[in-house]
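Step one of this worksheet: look at the structure below.
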Amino acid sequence: MSIPKPTGPSGTYFESMGITPELCRQILQTALSNGGDDCELYFQHSASNSIQLTDGKVSQASTSLDLGMGVRVIQGDQVGYSYSEDLTPSALLNAARIASQIAQAGQSLTVQSPTIHSVPNYHPVQTGWDSVNMQTRVQLLRKWEKKAFAQHNSVKRVDVFLRDGASVIMIVRADGKMVEDWRPSTMGYIQCTVESNGKTESGSYNVAARGGLEYFSEERQVRLVTEAVNRALFQLEAVSPPAGEYPVVLAAGPSAILLHEAIGHGLEADFNRKNISIFSSKLNQQIANEHVTIVDDATIEGSRGALNIDDEGNETERTVLVENGVLRSYLHDSISAKHFGVAPTGSGRRQSFRHTPIPRMRATIMENGPHTHDEIVASVTKGIYCAAFSNGQVNIGGGDFAFYVKQGYLIENGKLTQPIKDVNVIGNGPDSLSKMDMVGNDMRVDEGGWTCGKDGQGVPVSQGMPTVRVSSLTVGGMG
Amino acid sequence: MNNLEQTALEIQELALELGAEETAVSISHSISTELTQREGILEKTQQSNSLGVGIELLVDGKFSGHSASDVRLESLKPFLQRAIDATRFLEPDPHRVLPGLQEMGCANGNTEANDDSWETQTPESRRALLNNVEASSQKASSHLDVRSITHHVWDSKVQSHVCASNGYSQGWQRTSFGMGGEITLVDNDRLPEAYDYRSARHLSDLPTVDELSAELVKRGESRINSSGISSGKMPILLRNFAARKIIGTFLSPLQGTAIYEKRSCMLDKVGQQVAATNLTIVDNPLIPRASGSRPYTGDGFETKEQTIVENGVLNMHLLNLYNARRLNRPPTMAGASNICVAPSELSPMDLIRDLPQCIVIEGFLGGNANPITGDFSYGITGRYFEHGEFVQGVSEMNISGNILELLHSFENTANDVWIFSQYRTPSMLFNNVQCSGV
Chain A
18 MSIPKPTGPS GTYFESMGIT PELCRQILQT ALSNGGDDCE LYFQHSASNS IQLTDGKVSQ
78 ASTSLDLGMG VRVIQGDQVG YSYSEDLTPS ALLNAARIAS QIAQAGQSLT VQSPTIHSVP
138 NYHPVQTGWD SVNMQTRVQL LRKWEKKAFA QHNSVKRVDV FLRDGASVIM IVRADGKMVE
198 DWRPSTMGYI QCTVESNGKT ESGSYNVAAR GGLEYFSEER QVRLVTEAVN RALFQLEAVS
258 PPAGEYPVVL AAGPSAILLH EAIGHGLEAD FNRKNISIFS SKLNQQIANE HVTIVDDATI
318 EGSRGALNID DEGNETERTV LVENGVLRSY LHDSISAKHF GVAPTGSGRR QSFRHTPIPR
378 MRATIMENGP HTHDEIVASV TKGIYCAAFS NGQVNIGGGD FAFYVKQGYL IENGKLTQPI
438 KDVNVIGNGP DSLSKMDMVG NDMRVDEGGW TCGKDGQGVP VSQGMPTVRV SSLTVGGMG
Chain H
2 MNNLEQTALE IQELALELGA EETAVSISHS ISTELTQREG ILEKTQQSNS LGVGIELLVD
62 GKFSGHSASD VRLESLKPFL QRAIDATRFL EPDPHRVLPG LQEMGCANGN TEANDDSWET
122 QTPESRRALL NNVEASSQKA SSHLDVRSIT HHVWDSKVQS HVCASNGYSQ GWQRTSFGMG
182 GEITLVDNDR LPEAYDYRSA RHLSDLPTVD ELSAELVKRG ESRINSSGIS SGKMPILLRN
242 FAARKIIGTF LSPLQGTAIY EKRSCMLDKV GQQVAATNLT IVDNPLIPRA SGSRPYTGDG
302 FETKEQTIVE NGVLNMHLLN LYNARRLNRP PTMAGASNIC VAPSELSPMD LIRDLPQCIV
362 IEGFLGGNAN PITGDFSYGI TGRYFEHGEF VQGVSEMNIS GNILELLHSF ENTANDVWIF
422 SQYRTPSMLF NNVQCSGV
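If you read the protein sequences in the order shown, they are chains A and H.
Position one of the first sequence corresponds to residue 18 (this note's numbering), numbered consecutively onward.
Position one of the second sequence corresponds to residue 2 (this note's numbering), numbered consecutively onward.
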């Protein structure tokens with residue numbers, strides 16, 4: 018089951034479920050009955066589907082259907098939150114009463130009548146998944162499996178996964194702003210197991226976007242399969258690198274996991290509002306080399322991190338975080354924006370109606386610098402080249418971060434030599450920023466299906482960067 | 002018959018009416034409350050009352066799984082109809098069948114998973130506990146330059162029921178209580194942080210607020226002036242609350258899917274020595290009041306205690322019914338319950354007192370493991386000791402190696418079993434582990 022893009026007038030999708038503007042006004046009024054500075058309702062109807070090919074058979078499928086409303090009351094920096102999966106008026110009003118308990122006899126806000134606002138469209142979809150039948154999906158999986166086996170005779174097993182989903186959300190705020198949005202998503206994933214000379218290894222690759230069937234162009238399908246097979250074959254040859262501190266060259270594209278962990282999280286304004294980020298109080302200070310400019314951009318069409326509107330109903334944008342090495346902005350939700358006296362950056366996001374919005378990244382990008390990829394590699398006498406990653410983590414206050422390298426190379430005398438794998442690389446955010454001394458001119462937004470976790474909430478994100486040299490990071494190898 | 006069972010049976014009946022041959026319906030209802038407080042101000046309250054259903058369908062020998070939060074039959078009917086129609090386009094999987102009713106069951110013993118005192122919790126009692134946690138942490142940290150301490154309390158009650166078209170029908174309920182905090186300290190230009198969260202089935206099993214605060218502050222203090230030490234091979238002591246990472250790394254390649262797909266370093270290891278002879282790992286779902294205790298498995302089998310590793314020898318792969326059938330072997334367990342490592346009589350300090358050097362690992366930062374090779378690489382935080390004397394806090398370091406080699410280098414456990422998670426492990430000492438720092 019897929020949810021098509023609503024065709025009726027914006028703001029009317031949930032009316033068929035009995036959610037009228039007048040009911041919304043009543044819920045808001047109930048939520049603010051004890052006072053409060055602000056309040057919003059977040060309605061969500063979502064569905065997702067996945068099918069999997071395993072053992073040569075498309076024999077597993079699942080669907081998920083979710084419907085509910087979250088209500089948030091804000092008083093200063095305080096939040097009262099409740100949600101309901103039952104959209105009857107009595108259940109919604111009860112949720113509002115629970116959320117209202119955060120406020121205590123403050124001045125009651127006057128609730129304005131909801132008025133629909135239009136939103137831009139950064140999710141251009143030609144063929145929505147609601148119009149793609151099961152046979153077409155099965156054919157896609159079969160095609161990928163066949164291509165993977167044909168790619169190399171060491172391929173012994175192929176598992177293929179296709180997922181699509183869509184949500185309709187509606188946000189109604191006490192100030193009368195009402196927005197409705199449709200959020201599609203899709204992901205293709207292949208895992209290959211290879212055997213050679215008694216060794217077994219596996220490799221995987223995935224691509225993800227806010228797109229329809231057309232996202233899987235012939236070119237992308239070939240890349241999806243080829244990368245998965247090549248990554249598995251690569252693992253057969255790769256070894257653990259030596260342990261210790263080394264110069265690290267980060268390949269263009271997925272290496273932006275470093276940006277995400279080392280810098281991005283520390284610039285989320287809830288941490289800075291509480292003064293517990295290592296970047297707190299560093300606005301307008303030089304925190305990186307002058308070649309380093311970092312943005313967080315919700316407007317990259319079709320990207321997994323693209324957002325037409327954030328989950329508080331604020332407009333999204335391209336936010337310049339670091340400009341020529343100078344820290345320019347944090348990522349704000351409404352609460353932090355009010356705290357700092359600035360406009361929200363459209364970064365208030367939540368996993369679903371069961372969660373409160375908090376400042377989050379969308380698509381975090383480092384812009385091009387002056388160096389070529391080859392210049393950067395040639396500059397390293399002995400170091401590590403990181404090409405593919407699986408996960409990362411950061412300590413916000415200490416600034417220590419880590420990312421796990423699935424695939425890379427040793428760099429010896431300016432050349433890529435021995436393939437390496439399965440190593441954790443660790444560093445400190447501000448320290449690493451100061452050590453980013455070469456920035457390439459080959460920026461690439463990674464097409465992988467990254468999901469960012471924070472406070473128990475996962476949200477889809479994108480990331481990209483050019484080739485970058487960090488003069489020293491700790492590599493968790495052997496010997 | 003309770004309401005959940007009634008609803009589950011109605012959904013099952015609907016699925017069968019619409020064309021499913023067999024179904025398993027699991028339904029759960031949870032009520033949870035969470036409060037967060039910082040600097041004396043209640044930052045966040047969240048309450049939820051949530052219902053969800055999972056439905057497994059077998060249609061013409063073909064399998065699919067579905068979930069929904071709207072359990073009204075008028076909503077579920079079109080959803081199920083579409084799901085059943087779509088399932089027909091799949092290929093059959095002969096291993097996806099329900100077990101026979103006579104094979105299914107439910108443990109008789111009372112795991113005491115439900116604390117009746119949950120019913121008496123009030124907004125005032127929760128707030129009082131939160132205030133106590135905050136007062137205690139402020140007192141415990143008064144000698145430090147504290148930037149922030151955030152405090153949490155939470156509780157929940159979950160009722161679940163599962164029924165299958167072969168007549169199986171079982172349900173149970175459990176409560177959970179928790180409290181914890183995150184501390185951020187000032188250390189020159191850095192703001193090192195630490196956390197401690199505890200949860201238990203019964204409110205009275207939580208530690209005192211002073212015990213929680215003392216540990217939280219101690220963990221925070223150890224982050225001050227922390228840095229990497231010289232790379233090399235040395236002993237590591239995994240603190241009891243941190244040991245689950247390594248035990249989890251070991252259990253991952255034992256899972257049935259990894260075994261069936263031959264993506265496991267444990268493929269041919271049953272009956273072999275995979276760890277030092279003094280290491281025994283048991284899964285015990287019947288420990289009263291323990292976090293992971295449960296009366297039946299995800300496959301609907303009665304739970305029972307099972308030894309995964311006995312004196313270093315691997316006894317079993319972890320096979321749920323589906324993977325067992327694919328492998329033509331008997332099932333062992335569908336998911337772990339309480340993973341237990343036996344303690345010794347020695348304190349953690351007893352274990353490291355005579356060691357020339359040792360890193361006591363208190364947390365992990367990133368990292369991952371390759372289940373096919375068993376190779377792992379994890380970032381670590383903790384404290385460095387020489388001859389039992391604290392030398393410095395440790396950060397920006399990694400440990401790397403192979404899980405089988407690591408388990409063979411296991412030396413001993415301490416006497417401090419961690420009871421606040423389903424990994425009931427004491428602190429564990431390993432020898433000769435590759436640590437990379439400066």
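Backbone N, C-alpha and C define an ideal beta-carbon position, used for all residues, glycine too.
Bounds of the beta strand (DSSP E) holding residue 428 of chain A are 417–429. Interface residue (Cβ-Cβ distance to chain A less than 8 Å): residue 83 of chain H is classified as such. Here residue 57 of chain A really is in contact with residue 191 of chain A; their C-beta atoms are around 7 Å apart, less than 8 Å. Proximity of chain A to residue 379 of chain H at the Cβ level (cut-off 7 Å) is accounted for by 441, in chain order. DSSP, reduced to helix, strand and coil, places residue 31 of chain A within a helical segment of the structure shown.
The beta carbons of residue 261 of chain A and residue 413 of chain A sit no closer together than 8 Å. For the region 63–77 of chain A, the residues whose beta carbon sits under 7 Å from a beta carbon of chain H are, in order, 74, 75, 76, 77. Taking the Cα positions, residue 366 of chain A is about 6 Å away from residue 377 of chain A. When beta bridges are read from the DSSP output, residue 67 of chain H appears opposite A/80, H/56. By the C-beta criterion, the region 385–399 of chain H is judged to be in contact with the region 436–453 of chain A, since at least 3 inter-stretch pairs fall below 8 Å.
At a beta-carbon threshold of 7 Å, the residues of chain H lying near residue 84 of chain A are 70, 71, ordered along the chain. Judged by DSSP in its simplified three-state form, residue 173 of chain H adopts strand. Residue 252 of chain A places its beta carbon 8 Å or farther from that of residue 215 of chain A. Here the C-alpha atom of residue 210 of chain H lies approximately 20 Å from the C-alpha atom of residue 45 of chain H.
By the Cβ neighbour-count rule, residue 262 of chain H is buried, with 16 or more other Cβ atoms within 10 Å of its own.
Between the region 173–181 of chain A and the region 36–44 of chain A there are fewer than three C-beta pairs closer than 8 Å, too few to call the two in contact.
Residues of the region 478–494 of chain A with a C-beta atom less than 8 Å from some C-beta of chain H are 491, 492, 493, 494, listed in chain order.
The beta carbon of residue 281 of chain A is closer than 6 Å to those of 378, 381 in its chain, skipping five residues each way along the sequence.
Inter-residue distance for residue 495 of chain A and residue 439 of chain H is about 14 Å (C-alpha atoms, whole angstroms).
DSSP places residue 225 of chain H outside any alpha helix (DSSP H), giving it a letter other than H or E. Using a CB distance cut-off of 8 Å, residue 148 of chain A does not count as an interface residue toward chain H.
For residue 404 of chain A, there is no enclosing alpha helix (DSSP H); the enclosing beta strand (DSSP E) has its first and last residue at 399–411. Minimum Cα-Cα distance from residue 386 of chain A among the listed residues A/309, A/364, A/332, A/407 corresponds to A/309. Counting only runs of 4+ residues, the alpha helix (DSSP H) found wholly inside the region 322–378 of chain H occupies 322–328, 349–353, in chain order. Taken in chain order, the unbroken stretches of alpha helix (DSSP H) that lie wholly in the region 428–490 of chain A and span 4 residues or more are 446–452. In this chain, the alpha helix (DSSP H) harbouring residue 163 of chain A covers 151–168. Under the Cβ criterion of 8 Å, residue 292 of chain H is not counted among the residues facing chain A.
If you draw a straight line from the Cα of residue 159 of chain H to the Cα of residue 233 of chain A, it is about 42 Å long. For residue 80 of chain A, the C-beta contacts it makes with chain H under 9 Å involve 65, 66, 67, 68, 69, 80, 83, 84, 87, in order along the chain.
Residue state for residue 88 of chain H is assigned as helix, using DSSP reduced to three classes. Look at residue 263 of chain H: its C-beta is under 8 Å from a C-beta on chain A. Judged by DSSP in its simplified three-state form, residue 192 of chain A adopts coil rather than helix or strand. For residue 18 of chain A, the nearest beta carbon of chain H is closer than 8 Å to its own beta carbon. Going by C-alpha positions, residue 91 of chain H is about 9 Å away from residue 62 of chain H. Taking a 10 Å sphere around the C-beta of residue 158 of chain A, we find 16 or more other C-beta atoms and assign the residue as buried. Within the same chain, 154, 180 come within 7 Å of residue 130 of chain H by CB-CB distance, once the 5 residues on both sides are set aside.
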